[in-house]
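Counting in my numbering, the sequence shown runs without a single skipped number right up to 337 at its last residue.
We treat Cβ as the ideally placed atom computed from N, Cα and C, and that holds for glycine.
A quick note: this is a predicted structure, and the numbers were derived from the prediction, not measured.
Below: the structure, in structure tokens.
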Amino acid sequence: MLVASSLPALHSEAGLSRYLKEIHRFPLLEASEEAEYARRLRDCGDRDAAYRLVTSHLRLAAKIALQYRRYGLGIADLISEANVGLMLAVKRFDPEKGFRLATYAAWWIKASVQDYILRSWSLVKLGTTAAQKKLFFNLRKLKNRLGVAEDGDLRTDQLTHIANHLDVREADVVEMNGRLRGDISLNVPLSVETEGDQWQDRLVDPSPDPESLLLEATDRARTKAALADALAALSTRERSIVEARFFDEPHQTLDALAGKFGISRERVRQIEQRALQRIKVKMCAHLDEARLATSH
């Protein structure tokens with residue numbers, strides 16, 4: 042499989058314009074070319090085929106990475122992570138499924154970039170649960186809509202509104218709000234009621250054993266592959282609505298999508314629910330197959 046060192050490199054933001062010009066020189070592929078290269082990679086491990094597939098989608102990876110610049114991390118690192126996601130997508134892409142690589146790769150690229158941001162943003166690991174991700178990428182925006190200062194506390198009604206809007210627990214909102222206001226000093230008291238207890242007393246050993254790391258990485262990769270396959274199997278409109286509602290930054294409202302597609306708000310909701318059910322069924326089947334394969 043292709044290695045990152047064989048791709049154009051971006052070392053700092055100063056070289057961004059040159060990098061973007063360089064990757065735009067790589068030709069885009071016709072559907073037939075893409076399918077042929079994908080078969081050569083799958084069946085023969087053809088490195089040239091992998092190179093063609095990856096380089097023809099570097100501009101997609103860069104476009105997605107640039108959408109996450111506001112999180113204060115280096116653009117070179119964001120693009121590097123986006124390219125990692127792209128290479129994972131190329132490795133797993135099945136040309137017989139009937140969809141284009143760009144459709145399949147977009148989710149892998151976003152997931153890779155978001156995971157990197159979550160790993161890098163805070164001294165204390167923010168976590169990678171669905172609720173934590175949802176809060177990390179949306180809490181600031183919702184606080185701004187409510188007129189709350191970025192480093193401000195939330196009133197009870199605001200806390201309830203955000204928790205309901207994102208479908209998370211109020212306790213999760215409080216915790217993430219504290220983390221987004223800056224890395225917590227590990228030596229400060231938990232509260233005035235917890236005499237002597239400090240944040241560092243609540244931290245577990247941050248170094249899991251190798252077996253746990255391997256199991257976690259395997260499960261994460263399976264889930265990502267299952268979701269990418271499920272999204273790619275949706276119709277163009279279904280996929281656009283699901284991605285706009287749950288993956289794009291910022292998330293789009295039902296009303297905005299109703300205007301975009303020229304249908305009612307209720308119809309958008311129905312399409313969303315139908316698509317989510319299809320994704321659920323597809324993912325369950327995919328994960329069941331993976332578990333059966335590894336149990337033999």
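Report the option in the options whose CA atom is closest to the CA atom of residue i.
i, options, result
"Pro49", "Ala102, Ser161, Ala269 and Met324", "Ala102"
"Ala269", "Trp149, Arg81 and Asp118", "Trp149"
"Gln314", "Val215, Leu295, Gly303 and Ala326", "Leu295"
"Lys62", "Asp194, Ala326, Lys104 and Phe302", "Lys104"
"Pro68", "Arg88, His98, Gly86 and Arg81", "His98"
"Glu71", "Phe140, Gly115 and Glu211", "Phe140"
"Ser53", "Ser305, Asp194, Gly303 and Ala117", "Ala117"
"Met128", "Ala204, Ser47 and Gly219", "Ser47"
"Gly115", "Ile158, Asp87, Glu211 and Ala143", "Ile158"
"Asp84", "Lys132, Tyr145, Arg278 and Ile312", "Lys132"
"Leu51", "Glu122, Leu317, Arg80 and Ala146", "Glu122"
"Tyr145", "Arg220, Ala273 and Gln318", "Ala273"
"Lys151", "Phe287, Ala190 and Asn205", "Phe287"
Three-state secondary structure (DSSP) at residue i?
i, result
"Tyr109", "coil"
"Pro136", "helix"
"Gln293", "coil"
"His52", "coil"
"Val189", "coil"
"Ala274", "coil"
"His202", "helix"
"Ser281", "helix"
"Asp213", "helix"
"Ser170", "Position check: residue 170 holds Thr in this sequence, whereas Ser was assumed. Of the three classes helix, strand and coil, the one that applies to Thr170 here is coil, per DSSP."
"Leu221", "helix"
"Leu176", "helix"
"Phe287", "helix"
"Val229", "For Val229, the pLDDT reaches just 43, beneath the cut-off of 50, and the residue's location in the model is therefore unreliable, although a value from the coordinates is still provided. Val229 falls in the coil class under three-state DSSP."
"Ile126", "Before going further, note that residue 126 is Gly rather than Ile in the sequence given. Three-state result, Gly126: helix."
"Gly384", "Outside the displayed range of the chain (42 to 337) lies residue 384, so it cannot be described from this structure."
"Ser121", "helix"
"Gly303", "coil"
"Leu101", "helix"
"Arg196", "coil"
"Leu69", "coil"
Would you mind sorting residue i into buried or exposed? The rule is 16 or more other CB atoms within 10 Å of its CB.
i, result
"Gly300", "exposed"
"Gln155", "buried"
"Arg59", "exposed"
"Ser153", "buried"
"Pro291", "exposed"
"Pro136", "buried"
"Asp213", "buried"
"Ala326", "exposed"
"Lys182", "exposed"
"Glu284", "buried"
"Ala90", "buried"
"Leu207", "buried"
"Ser73", "exposed"
"Val322", "exposed"
"Arg160", "exposed"
"Ser305", "exposed"
"Thr277", "exposed"
Just to confirm the assignment, what range does the alpha helix (DSSP H) spanning residue i have?
i, result
"Asp156", "Leu142 to Ser161"
"Thr96", "Arg88 to Thr96"
"Glu63", "Leu57 to Ile64"
"Leu82", "Ala72 to Cys85"
Tell me whether residue i counts as near the ligand GTP, meaning its Cβ is closer than 8 Å to at least one heavy atom of that ligand.
i, result
"Pro136", "This structure lacks the ligand GTP, and indeed carries no ligand of any kind."
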